[in-house]
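**Student:**
Protein chains: 2
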Amino acid sequence: MNLSFRELAQLYQNTLLQDVIPFWQQHAVDETYGGYFSCLDQDGVVYDTDKFVWLQNRQLWTFSLLYNQVEPRSDWLAVAKAGAEFLAHHGRDPDGNWYFALTRDGQPLVQPYSVFSDCFAAMAFSQYARASGESWAKDIAQQAYETVLRRQDNPKGKYSKAYPGTRPMKSLAGPMILANLSLEMDWLLERDRLNTILDQTVQTVMTDFRDPATGLMYENVAPDGSHIDSFDGRLLNPGHGIEAMWFIMDIAQRRQQEPLIYQAVDTMLAILDFAWDREFGGLYYFLDAQGHPPDKLEWDQKLWWVHLETLVALTMGYRLTGRQLCWDWYQKVHDYTWSHFADSGREWFGYLNRRGEVLLPLKGGKWKGCFHVPRAMYLCWREFERMG
Amino acid sequence: MNLSFRELAQLYQNTLLQDVIPFWQQHAVDETYGGYFSCLDQDGVVYDTDKFVWLQNRQLWTFSLLYNQVEPRSDWLAVAKAGAEFLAHHGRDPDGNWYFALTRDGQPLVQPYSVFSDCFAAMAFSQYARASGESWAKDIAQQAYETVLRRQDNPKGKYSKAYPGTRPMKSLAGPMILANLSLEMDWLLERDRLNTILDQTVQTVMTDFRDPATGLMYENVAPDGSHIDSFDGRLLNPGHGIEAMWFIMDIAQRRQQEPLIYQAVDTMLAILDFAWDREFGGLYYFLDAQGHPPDKLEWDQKLWWVHLETLVALTMGYRLTGRQLCWDWYQKVHDYTWSHFADSGREWFGYLNRRGEVLLPLKGGKWKGCFHVPRAMYLCWREFERMG
Numbered sequence: 002m003n004l005s006f007r008e009l010a011q012l013y014q015n016t017l018l019q020d021v022i023p024f025w026q027q028h029a030v031d032e033t034y035g036g037y038f039s040c041l042d043q044d045g046v047v048y049d050t051d052k053f054v055w056l057q058n059r060q061l062w063t064f065s066l067l068y069n070q071v072e073p074r075s076d077w078l079a080v081a082k083a084g085a086e087f088l089a090h091h092g093r094d095p096d097g098n099w100y101f102a103l104t105r106d107g108q109p110l111v112q113p114y115s116v117f118s119d120c121f122a123a124m125a126f127s128q129y130a131r132a133s134g135e136s137w138a139k140d141i142a143q144q145a146y147e148t149v150l151r152r153q154d155n156p157k158g159k160y161s162k163a164y165p166g167t168r169p170m171k172s173l174a175g176p177m178i179l180a181n182l183s184l185e186m187d188w189l190l191e192r193d194r195l196n197t198i199l200d201q202t203v204q205t206v207m208t209d210f211r212d213p214a215t216g217l218m219y220e221n222v223a224p225d226g227s228h229i230d231s232f233d234g235r236l237l238n239p240g241h242g243i244e245a246m247w248f249i250m251d252i253a254q255r256r257q258q259e260p261l262i263y264q265a266v267d268t269m270l271a272i273l274d275f276a277w278d279r280e281f282g283g284l285y286y287f288l289d290a291q292g293h294p295p296d297k298l299e300w301d302q303k304l305w306w307v308h309l310e311t312l313v314a315l316t317m318g319y320r321l322t323g324r325q326l327c328w329d330w331y332q333k334v335h336d337y338t339w340s341h342f343a344d345s346g347r348e349w350f351g352y353l354n355r356r357g358e359v360l361l362p363l364k365g366g367k368w369k370g371c372f373h374v375p376r377a378m379y380l381c382w383r384e385f386e387r388m389g
Numbered sequence: 002m003n004l005s006f007r008e009l010a011q012l013y014q015n016t017l018l019q020d021v022i023p024f025w026q027q028h029a030v031d032e033t034y035g036g037y038f039s040c041l042d043q044d045g046v047v048y049d050t051d052k053f054v055w056l057q058n059r060q061l062w063t064f065s066l067l068y069n070q071v072e073p074r075s076d077w078l079a080v081a082k083a084g085a086e087f088l089a090h091h092g093r094d095p096d097g098n099w100y101f102a103l104t105r106d107g108q109p110l111v112q113p114y115s116v117f118s119d120c121f122a123a124m125a126f127s128q129y130a131r132a133s134g135e136s137w138a139k140d141i142a143q144q145a146y147e148t149v150l151r152r153q154d155n156p157k158g159k160y161s162k163a164y165p166g167t168r169p170m171k172s173l174a175g176p177m178i179l180a181n182l183s184l185e186m187d188w189l190l191e192r193d194r195l196n197t198i199l200d201q202t203v204q205t206v207m208t209d210f211r212d213p214a215t216g217l218m219y220e221n222v223a224p225d226g227s228h229i230d231s232f233d234g235r236l237l238n239p240g241h242g243i244e245a246m247w248f249i250m251d252i253a254q255r256r257q258q259e260p261l262i263y264q265a266v267d268t269m270l271a272i273l274d275f276a277w278d279r280e281f282g283g284l285y286y287f288l289d290a291q292g293h294p295p296d297k298l299e300w301d302q303k304l305w306w307v308h309l310e311t312l313v314a315l316t317m318g319y320r321l322t323g324r325q326l327c328w329d330w331y332q333k334v335h336d337y338t339w340s341h342f343a344d345s346g347r348e349w350f351g352y353l354n355r356r357g358e359v360l361l362p363l364k365g366g367k368w369k370g371c372f373h374v375p376r377a378m379y380l381c382w383r384e385f386e387r388m389g
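Chains U and S are the protein sequences, given in the same order.
If you're matching positions, the first sequence starts at 2 in the numbering used here and goes up one per residue.
If you're matching positions, the second sequence starts at 2 in the numbering used here and goes up one per residue.
Pasting the structure below:
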């Protein structure tokens, strides 16, 4: 890589606005029923019409963010509206929990077993409420946020397969997403409440899930933060840990907590050092902290979101600390990511094998939609703009 | 491959009795608590002590089968007994449903969400009852079999995430395992009842799950056997389909239903033709019937059980029909399987990437135990012995 900050800002901005967003705008909107198609092949052709609620809410969030932060374009608001109205009508069960999947026309397919559906709904409707000014959208965002808080100690509820009491465990995903979500919703939350939640999530993430000996983030720990010697207890999800670190940096910079910024950067660097594939490049998807075989067969694959969240974390970490190591890593991850995932003029590839060859030629599917690529592009663009 | 039937019989027998069984006998038995360690690395060192009930029951089944069918060795019976007593004490909830996982000392870890835990318990305790003559073992087998029948229309019960009614679907695994299980338990079942169950399962497998146009087995279909255009509805699991076909051949040969044998062989050959990786060799793990990207990231991996079940199906198919195509395929799959999965003097590798390189160096884990390798070795040995 041999680009100035200004050129990098331009690269991210152009890719976002000329390649990625037009791809989703052109191919994803369901003109018949509302909502979005997320299963798009390399050319944008729809290969499955089911509507996965994580991805519905994430595309709603993305187009609302663009409207709010980039330019109030009516066509972007129209895309957001198509999702918001579909989701408001069909997305929730009678108790307000967000289903996991719907049919194309909005019938519930998969029960509300995942609290992350509610998280993404809260994020999405909060952004959409800002964009549209609709008070019903604000109500939906607030209701979803309360659901997240209510379910946070038992996120899977009756769908949990764990036998109660034998081996209690908590997951990084919970506090991590709450940190990001609470910042997203700061305009809707009372200041004291927001501060309490941020204090708790930072404390939990950096004390319970961060291993002080290695500086690595664990995916699952005992309620007191100790390690459990089991498949789940040894699991590292490097992309998740790195993403959590930029959430923490984001909180820390708003609160001017410089030591916390440095701790988050150190943690990110420790994860990068541990999880970088020295033979083929790229970051592993899953690792076992003790080096045992992980139970996830996809452990060695290279995923788009892992690399994009890493670019965000490195850019933010470099801007906040100026550490050379952040910049060295940025260039290395940039070169890998742009040469392996980018697909000129379109949304990026998502799934590569260990060697970096395309494993699935899809642009969107059951888990990949209009979210990580545009969010990372937007954030990197803004970070480099501030540095340029 | 250039081996006579007699040499092949010898190869399978020797590998079973000199390499594979000693590996499990030496490394898997938990001398302290009973039951088995399934998580063994390449050298047989235990890397995780949780006890996954599928695999506990499967090792119990294997050692009981050896005792019943190969030689009544007291050391094999002792291995079986160590599992049977542990499982009888710790394996079931108060309603008799089999848990999915236990701690090393037998506390329940994962709820009885999988009816296949009950299936493998029925198989295991049926074999163990024959080996040991213990009437309590027979009672456990019969109780588990009744659980399987009771749960077959709603196998996941309260753990199902599907929203009821929107898109009803049934899975091949249910009737397929019932076919095999019922043959295993024929000595405990009334003849009329056995015949009714076999009629129903053969009918369901060959009419509802087999696609007449392509001859392929679908993993999930609508209750009337029609196809559903969704990720699950398009899913092909070639190893599963091929394994189901030898179960069907096994039923058909006992009942002297020659047309059914030929139909099962045709189906097996159609699956092989569709699922063989023409670039790197081996059989894919998952495919989409319409060629869309599957939602399973491990789709292109080469798994031990897929290839071993295929060797059984081809051997049986060749013995029953004498078709040259079965023999041609046998040699091709034999060469791939023996050159990629075998590990001289030990249990075989389980997980290879698409190129056939070892992906996980484990010999046992959360899903791989003492079952597919020894069962296939035993069956191929016996098949070649009959042909030699």
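C-beta atoms are modelled at their ideal positions from N, C-alpha and C, and glycine is treated no differently.
1. How many angstroms separate the CA atom of U/F64 from the CA atom of U/A81?
2. Given 8 Å as the limit, is there contact between the region 40-50 of chain S and the region 60-79 of chain S, that is, 3 or more CB pairs closer than that?
3. Tell me, which residues are paired with S/R211 by DSSP?
4. Within this structure, are the beta carbons of U/M317 and U/W247 separated by less than 8 Å?
5. Closest to S/P165 by C-alpha separation, out of U/K333, U/Q112, U/P295, would be which residue?
6. Taking Cβ positions only, does U/W366 come closer than 8 Å to chain S?
7. May I have a chain-ordered list of the beta strand (DSSP E) segments no shorter than 3 residues that lie completely inside the region 93-120 of chain S?
8. Provide the residue span of the alpha helix (DSSP H) that contains U/Y48, from first to last.
9. Just the C-alpha distance for U/Q201 and U/E147, rounded to the nearest angstrom, thanks.
10. Start and end of the alpha helix (DSSP H) containing U/L361?
11. Quick check on the burial criterion: 16 or more other C-beta atoms within 10 angstroms. Buried or exposed for S/R279?
12. Can you list the residues of chain S that U/A132 reaches, using a CB-CB cut of under 7 Å?
13. Touch check for the region 23-33 of chain U and the region 69-85 of chain U: three-plus C-beta pairs under 8 Å?
14. Could you tell me the boundaries of the alpha helix (DSSP H) in which U/M170 lies?
15. Per the DSSP calculation, S/W277 is bridged to which residue(s)?
16. Verify whether the separation of the beta carbon atoms of U/M170 and U/D233 is less than 8 Å.
17. Report back the beta-carbon spacing between U/Q108 and S/T167 to the nearest angstrom; my notes put them in contact at under 8 Å.
18. Give me the chain S residues within the contact set of U/E220, using Cβ-Cβ distance strictly less than 9 Å, ordered along the chain.
19. Could you give the residue range of the alpha helix (DSSP H) that holds S/R376?
20. Can you pull the chain U neighbours of S/S1, defined as C-beta to C-beta under 9 Å?
21. Could you check where the alpha helix (DSSP H) with S/R194 kicks off and where it finishes?
22. Using a Cβ-Cβ cut-off of 8 Å, state whether U/V47 counts as contacting chain S.
23. Which runs of the beta strand (DSSP E) fall wholly inside the region 5-58 of chain S and span at least 3 residues, in chain order?
24. Is there a Cβ from chain S that is less than 8 Å from the Cβ of U/H423?
25. For U/W330, I'd like the list of residues in its chain whose CB is within less than 6 Å of its CB, leaving aside the five on either flank, ordered along the chain.
26. Would you please state the rounded distance, in angstroms, between the beta carbons of U/L103 and U/H91? I believe it to be under 8 Å.
27. For the candidate residues U/R194, U/A180, U/E244, U/G175, whose alpha-carbon lies nearest to that of U/V222?
28. Is U/K162 helix, strand or coil by DSSP?
29. Can you say whether S/K390 is buried or exposed, counting buried as having 16 or more other CB atoms within 10 angstroms of its CB?
30. Quick check on the DSSP output: what are the complete alpha helix (DSSP H) runs of length 4 or more inside the region 285-352 of chain S, in order along the chain?
31. Let's see if you can read the secondary structure: which residues bound the alpha helix (DSSP H) around U/H228?
32. Which residue wins for smallest C-alpha separation from U/G292, given the options U/F275, U/S118, U/W382?
33. Any beta carbon from chain U within less than 8 Å of S/S227's own beta carbon?
34. Taking C-beta pairs closer than 9 Å, name the residues in chain S that U/E280 reaches, listed in chain order.
35. Measuring only the C-alpha atoms, how far is U/A245 from S/N98?
36. Could you give the distance in angstroms between the alpha-carbon of U/Q60 and the alpha-carbon of U/A130?
**Tutor:** Result, derived from the coordinates:
1. 6 Å
2. no
3. S/M218
4. yes
5. U/Q112
6. According to the sequence as given, residue 366 of chain U is Gly; it is not Trp. Taking Cβ atoms only, chain S reaches closer than 8 Å to U/G366, which makes this a yes.
7. 109-111
8. Here U/Y48 belongs to no alpha helix (DSSP H); instead the beta strand (DSSP E) covers 47-49.
9. 16 Å
10. Segment 359-361 is the beta strand (DSSP E) holding U/L361; no alpha helix (DSSP H) there.
11. exposed
12. Going along chain S, no residue has its Cβ under 7 Å from U/A132, so there is no contact; the nearest lies around 30 Å.
13. yes
14. No alpha helix (DSSP H) holds U/M170; DSSP gives it neither H nor E.
15. S/L284
16. yes
17. 5 Å
18. Correct list: empty, because the minimum Cβ distance to chain S is about 16 Å.
19. 373-388
20. Outside the displayed range of chain S (2 to 389) lies residue 1 of chain S, so it cannot be described from this structure.
21. 192-204
22. no
23. 47-49
24. This structure gives no information on residue 423 of chain U, because the portion of chain U shown stretches from 2 to 389.
25. L273, L315
26. 6 Å
27. U/G175
28. coil
29. This structure does not reach residue 390 of chain S, given that chain S is present from 2 up to 389, and the question cannot be answered.
30. 305-322, 325-341
31. Premise fails: U/H228 is in no alpha helix (DSSP H) and is neither H nor E.
32. U/F275
33. no
34. Result: empty, since nearest Cβ-Cβ is about 12 Å, beyond 9 Å.
35. 39 Å
36. 14 Å
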